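There are 2 protein chains.
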Amino acid sequence: MSTQTISPDIIDAHTAKSAVDAALLNFLEDRRKNSGRRQMAGLIDLLTEFMAGGKRIRPALTVLGWQAAGGESGESAVVRVAASLEMFHAFALIHDDVMDDSDTRRGRPTVHRLLAGQGADNRTERFGLGAAVLLGDLAFAWSDQLLHTAELAPGQLAAVLPLVTEMRTEVMLGQYLDLEATGELTDDIDATLLVNRYKTAKYTVERPLHIGAALAGAGPEAMAACTAYALPLGEAFQLRDDLLGVYGDVRDTGKSRLDDLRAGKNTTLVALALRAGTETQAARLRALIGDPHLDEAGAEEVRGLFAATGARDTVERMIDDRYRQALRALDAAPFTAGAVTELKHLAVTATRRNS
Amino acid sequence: MSTQTISPDIIDAHTAKSAVDAALLNFLEDRRKNSGRRQMAGLIDLLTEFMAGGKRIRPALTVLGWQAAGGESGESAVVRVAASLEMFHAFALIHDDVMDDSDTRRGRPTVHRLLAGQGADNRTERFGLGAAVLLGDLAFAWSDQLLHTAELAPGQLAAVLPLVTEMRTEVMLGQYLDLEATGELTDDIDATLLVNRYKTAKYTVERPLHIGAALAGAGPEAMAACTAYALPLGEAFQLRDDLLGVYGDVRDTGKSRLDDLRAGKNTTLVALALRAGTETQAARLRALIGDPHLDEAGAEEVRGLFAATGARDTVERMIDDRYRQALRALDAAPFTAGAVTELKHLAVTATRRNS
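One line per chain: the protein sequences are L and B, in this order. Under the working numbering, the first residue of the first sequence carries the number 9, and numbering increases by one thereafter. Under the working numbering, the first residue of the second sequence carries the number 9, and numbering increases by one thereafter.
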């Protein structure tokens, strides 16, 4: 991302990330000092390590939403709210990995695997699962503490809290829809796009932008412009994620490209392949996707079917359509010029990334 | 509990419970109306049924704390905060049952069992677990929404929010200590009392009282008096719970009296028996407690060992000591007379109950 300063008063993307990282580290260090218990310090260390690996996309969007709506002073409160969203995201990821029983995240074992320890047996696996649920719960509680201690003005708090509630509820509904769909493959493309909308587009892009914009006192028009940009871009972001889950390199993505296939994730990519494929191709996809013992050869066969059915190309086209739609929304948005430049830049990195 | 009205302006315990129930039902009904999705409505129904069975001890203590500190007007805000704590408790119980892999709660299958469905296989069990984690997360998010929409005065909010944060963090630490201790039986009585303190005494009694008192603008003296009453009573409450977990009748408690023993819960009762028992008795206890296939005959043998080692009598004596200590604290407390009467009454029901 550009490190150009947009205005003397407005922090640039690089500075924003550093400021959010510093806010998170300070907060965790404070909690460690006040924990009083060895066990709590251990959990905080684990959370600190886990959080070191994030892309900070939600905090970046919070700061950009604020800038887009003309925010000029009170950066420290914005940074703290942005840090709160990142802490909430740590909660969401830790629980997501428990629910999906994933092995790796951000290039390391997942939190429940780390807590279970090496050579885990049934008992330590249960411990890992329970302790990871709890560490996620702590991150949730602490994301709320970060928000409450951001020293927002009463009007800011009143504008932000309903958005935070909806963001939380929406991502949980998205996760639930995802969970329901997992393991039951369908060619219902709309159903997969609905999960995408709740789980990613609203949660990862729209709500962080809204929350940042609300901090700057944005009116309905600016909020609607955030949505017009965020939903197509968020969908494109998730579609890219679906592709990376199958085609990505673990050295870039930090997670195995067998996980989604083994778990039987009913992504848009999968639904498109089932819809476009012959009966034989669809049957083969159903046999392979969701097999917990799927190996690299099986995954390669799935990738071949995604290519042969045209599903991969269709997803690339859908990403491109949505990318363009997001850019068009920016042309009509009542945003500050500097923020528009940054949001365009972000639209590229979110859809063209390899990690 | 008494239904006598303490003052014309102050709601009595029975009215408080009804008011909290009404606030919870209204809130859930609102969320159902705005959910937009069939799946969300289903989750809300499940949560509503789950919440119907609670004793509402934390909301009662919130209202009593407020009354004790001289609260006289603004009942509706107090009721809403009390409802928020009950919603948080739904979150804590749903996750607790996932972590302990319990079968029953409040006389019904636990939430993760209900979500897994009857005749659950491996896949539906994973679904039940994941969906229960999510439903707990939703209850957490909504407890926060109940709090934010209580229309508290700025001073009330500033007094309450740090207490809410500590309450959340403390119960999670308590759960973590409990999880660490489960399955690794020790005769470390202090360690079991430490878990008790975080998991129950502070969470169930001290913090709800504090939060209620803070809503009435309580100063340090009243807050300290809440603690002096709450910690011994809360410990006694948990010690009673430990006994009920082994000796209670499922028709009263709503949960199997094999669950704690099968899970290998390292309660104070267990630690006392291991400490006081002969080597043979201790070895027998270690063989039986934590055996996932323990049957009623095995449980009866454990109960016999709790009696023979004197552990059961010691726990009864500890409950009685703490009950008296809580009453003495009330004698010295700067509380309103009506609230003292109610708190004494509550000390009896919390320590003498059979459910």
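Backbone N, C-alpha and C fix where the C-beta goes; we use that ideal spot for every residue, glycine too. Predicted, not measured: the structure shown is a model, and the values here were computed from it.
- The bridge partners DSSP lists for Thr112/L are Pro117/L.
- In the structure shown, the three-state DSSP call for Gly127/B is coil.
- One thing to note: Phe58/B has its Cβ no nearer than 8 Å to the Cβ of Leu154/B.
- For Leu269/L and Ala347/L, the gap between their C-alpha atoms comes out near 38 Å.
- Rounded to the nearest whole angstrom, the C-alpha separation of Ala91/B and Lys25/B is 9 Å.
- Taking one beta carbon from each stretch, the stretch 250-268 of chain B and the stretch 209-216 of chain B have fewer than 3 pairs nearer than 8 Å; the two do not touch.
- Judged by their CB atoms, Leu137/B and His120/B are nearer to each other than the 8 Å cut-off.
- If you keep only unbroken alpha helix (DSSP H) runs of at least 4 residues inside the stretch 158-205 of chain B, you get 162-189, 197-204.
- Your pair Ala149/B and Thr177/L checks out as a contact, with CB atoms roughly 6 Å apart and the cut at 8 Å.
- With a threshold of 8 Å between beta carbons, Tyr184/B makes contact with chain L.
- Taking 8 Å as the CB threshold, Gln75/B stays off the interface with chain L.
- Residue ranges of uninterrupted alpha helix (DSSP H) with 4 or more members, entirely inside the stretch 59-113 of chain B and ordered along the chain, are 65-76, 83-108.
- For Gly306/B, the enclosing alpha helix (DSSP H) has its first and last residue at 304-316.
- At a cut-off of 8 Å between beta carbons, His103/L contacts chain B.
- By the neighbour-count definition (other C-beta atoms within 10 Å, threshold 16), Asp321/L is an exposed residue.
- Within 10 angstroms of the beta-carbon of Asn204/B lie 16 or more other beta-carbons, which makes it buried.
- Here Ile52/B carries a helix assignment [DSSP, helix/strand/coil].
- Around the Cβ of Ser363/L, a 10 Å sphere holds fewer than 16 other Cβ atoms; the residue is exposed.
- Distances from the alpha-carbon of Ser43/L to those of Arg45/B, Glu174/B, Ser151/B put Glu174/B closest.
- Straight through space, the alpha carbons of Thr344/L and Arg292/L are spaced by roughly 51 Å.
- DSSP places Val278/L in the uninterrupted alpha helix (DSSP H) bounded by 276-284.
- Between the C-alpha atoms of Leu187/L and Ala139/B there is a straight-line separation of about 7 Å.
- Counting only runs of at least 4 residues, the stretch 237-271 of chain L fully encloses the following alpha helix (DSSP H) elements, listed from N- to C-terminal order: 258-261, 267-271.
- Across the set Ala236/L, Asp129/L, Ala305/L, the C-alpha of Ala236/L shows the shortest separation from the C-alpha of Leu335/L.
- A straight line joining the alpha-carbon of Asp105/L with that of Glu83/B spans about 42 Å.
- Taking the CA atoms as reference points, Leu201/L sits about 19 Å from Asp108/L.
- The criterion of a C-beta distance shorter than 8 Å is not satisfied by Ala281/B and Phe245/B.
- Where His301/B is concerned, there is no enclosing alpha helix (DSSP H), because DSSP gives it neither an H nor an E.
- Taking 8 Å as the CB threshold, His156/L lines the interface with chain B.
- Among the residues facing chain L, Gln164/B is not included, as its CB has no counterpart in that chain under 8 Å away.
- With respect to chain L, the C-beta atom of Phe148/B has a partner C-beta closer than 8 Å.
- Around the C-beta of Lys273/L, 16 or more other C-beta atoms lie within 10 Å, and the residue is accordingly described as buried.
- Closer than 9 Å at the C-beta level to chain L, one finds these residues of the stretch 106-126 of chain B: Val106, Met107, Asp108, Asp109.
- The Cβ atoms of Leu165/L and Ala85/L do not sit closer than 8 Å to each other.
- With a contact defined as Cβ atoms closer than 8 Å, Thr190/B and Ala290/B miss out at about 18 Å.
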